[in-house]
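For the sequence shown, the positions run 144 to 534 when my numbering is used.
See below for the structure under consideration.
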Amino acid sequence: MAPKFPIPLEFQHDLRYVELEDTRSDQEILQSLTRHTPITSEKNIWTFWHAGIAAMPAWCQRNVINWVRLCPTWTIRVLDNTTLSPNHAMDWVPRDMLPECFTKKTMEGPWTGPHSADFLRCPCLYLYGGAWLDVGCILVRSIDDICWTQLQDPLSPFTVAAPWAFDLCIANYFVAARKGDVHSIFMALWAGRTTCTDIGSHPLLTEVLPQIKFGQSRFQLDFMVSRKTLVGYVGQIVAWARLCMIEEPDGGFNGRSYYREHVMLFDAMTETSPERLLPNFDAGDFLRVLGTKLDADPQSASYQTAYKLVWSILTRSSMQKVAHAKQMTRTPQLGIYLDQKENENLDVDSSNFFELLRYGSVHYEQLRKEINISEVEGPEAVIRRRILDDG
144 MAPKFPIPLE FQHDLRYVEL EDTRSDQEIL QSLTRHTPIT SEKNIWTFWH AGIAAMPAWC
204 QRNVINWVRL CPTWTIRVLD NTTLSPNHAM DWVPRDMLPE CFTKKTMEGP WTGPHSADFL
264 RCPCLYLYGG AWLDVGCILV RSIDDICWTQ LQDPLSPFTV AAPWAFDLCI ANYFVAARKG
324 DVHSIFMALW AGRTTCTDIG SHPLLTEVLP QIKFGQSRFQ LDFMVSRKTL VGYVGQIVAW
384 ARLCMIEEPD GGFNGRSYYR EHVMLFDAMT ETSPERLLPN FDAGDFLRVL GTKLDADPQS
444 ASYQTAYKLV WSILTRSSMQ KVAHAKQMTR TPQLGIYLDQ KENENLDVDS SNFFELLRYG
504 SVHYEQLRKE INISEVEGPE AVIRRRILDD G
C-alpha cells in the first residue's frame, strides 16, 4: 500500500514507510485500553488521567492509541482515580506507597492532575518496570529504539533513561526504568500535605535548591508564578536532584555514582521539544504551524516553517511533548489550545502539517541508529547523609 503522504526525496535516507502491525480502529484500541491487563513483563507503558481514558481530550486519546501502534510488544495502561474502574491506580500501587492526599482525595489546587501523575510515576516503575509517558507525548520513535534495548541489555550499565533538561533536572514527562528504582524522597516531601505550597521549604531540599538555576533552563517558559510555586510544581524533579547528590555513609547508596554510571540522559530539546529551539516562537506560533495546509504556497514563510519543523520532528526527534502548564505561564502552552473545542480534530482529516505529524509518527520509521545522548557532568555538591535524613 502506498503511503498517504509520500516521504520527500530529501528525507528518504532518514525514513522509511512501514505498514501498521495493529490494524484495529481507534475505537477498538480505545476500548481495549479500558480493561485491566495483568502484568506479564517489564514492557509496560504507564500514564494517568484522573477520570480515565474515556474522559481524556480526543487529541490525547490519539496520542495513547498511537503508542499502542508504535509499540506493539508493550502493554499500555491508563491509570485513573475513579472508584471501581478496572484501572484504578490503587489496584496497581499500594496505599502505603502513596501520600494520603491522593488516597483520600484531599489534594487541593489547580495541579492535582499533574501531581497525581507524579505520585504514581515512580511506584509504577519501581514495582513493575517500563516507561512512564505523560498523555501529552506524541511518540515518534518506539520505546525500544529510544532506550529500552539498552536498558535491558545485560552488558549495558544503564537502568534508567530520561530527557535531560538542565543542571540536575530531568524532564519527567518520559521516564523509563527497570524494576526497583527509588522514589522515597518525593513521598517524604508530600507527607501531611494537601497542596504543593511550601514544598521548597522542606529540610530535605535545603542543600538542593541552591544547585538548581531555573533561569538557565533551556526551555525558557514565561512563568508568571513565583520560584516558590515553581519548586512546588516540579517537586518530583527537585527530589530527583537530591537523589543525584546523595552519598550515604558506611557504603550506602551513592546517588552521584548512580547518576553518572547508570542513568541514560538524552537531550530534551532536540529529542522531545525541537520547536523550543526556534527563536521568538511560542505555542500560538506552533499551533499556526501545525494548522498550515499541506497544499499551501510552498514558498510562503508559514509553509517553510511548518515543513522544516514537522519533518525535523519526524526524522530527528523521539517524540513531541505537548505541554499544558496550566496557570503557570503568561502565554498559553500548546496543550491549552488543543483542548479547545475548535481545535479538537486539528490532527485528523485536516490535510495539514499536524495530520502529517500524526500519520508519520506511526507510518515512518527512522533509520538513525542512535538518539542524541547528553553527556552531563555529575553534581559538584555532595550530600553525605541518608536519603531521608534532613540533617
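A virtual CB, placed ideally from N, CA and C, is assigned to each residue, including glycine.
| Query | Result |
| --- | --- |
| Spatial distance of His345 from Asp532 (CA atoms) | 12 Å |
| Integer-rounded CB distance, given that Tyr271 should sit under 8 Å from Glu185 | 7 Å |
| Contacts around Val161, its chain only, beta-carbon distance under 7 Å, and the 5 residues preceding and following it disregarded | His506 and Glu508 |
| Three-state class that DSSP yields for Phe429 in the structure shown | helix |
| Own chain residues within Cβ distance below 6 Å of Tyr450, not counting five before or after | none |
| Start-end ranges of the beta strand (DSSP E) lying completely within the region 196-230, minimum 3 residues | 218-222 |
| Bounding residues of the alpha helix (DSSP H) (the contiguous stretch that carries Cys290) | Counting along the chain, Cys290 falls outside any alpha helix (DSSP H), and DSSP gives it neither H nor E. |
| Bridge-paired residues (DSSP) for Pro266 | Paired residues: none, contrary to the question. |
| First and last residue of the uninterrupted beta strand (DSSP E) at Phe317 | Phe317 to Ala320 |
| Test item: CB-CB of Val351 and Arg385 under 7 Å | yes |
| Asp438 - DSSP class collapsed to helix/strand/coil | coil |
| Nearest-angstrom Cα separation, counted from Leu437 out to Gln447 | 11 Å |
| At least three beta-carbon pairs within less than 8 Å, the region 275-291 to the region 232-246 | no |
| Trp189 beta carbon less than 7 Å from that of Trp275 | yes |
| Runs of alpha helix (DSSP H) wholly within the region 362-430 (minimum 4 residues, chain order) | 370-376, 378-388, 398-405 and 411-415 |
| Inter-residue spacing [alpha-carbon to alpha-carbon] between Leu176 and Asn495 | 28 Å |
| Buried or exposed by the 16-neighbour rule on C-beta atoms within 10 Å, applied to Gly279 | buried |
| Segment contact flag, the region 194-214 with the region 163-172, C-beta cutoff 8 Å, min 3 pairs | yes |
| Beta-ladder partner(s) of Trp189, from DSSP | Arg220 and Trp275 |
| At least 3 beta-carbon pairs within less than 8 Å: the region 465-481 vs the region 364-382 | yes |
| Selection from Gln204, Met240 and Thr225 that minimises the alpha carbon distance to Ser168 | Gln204 |
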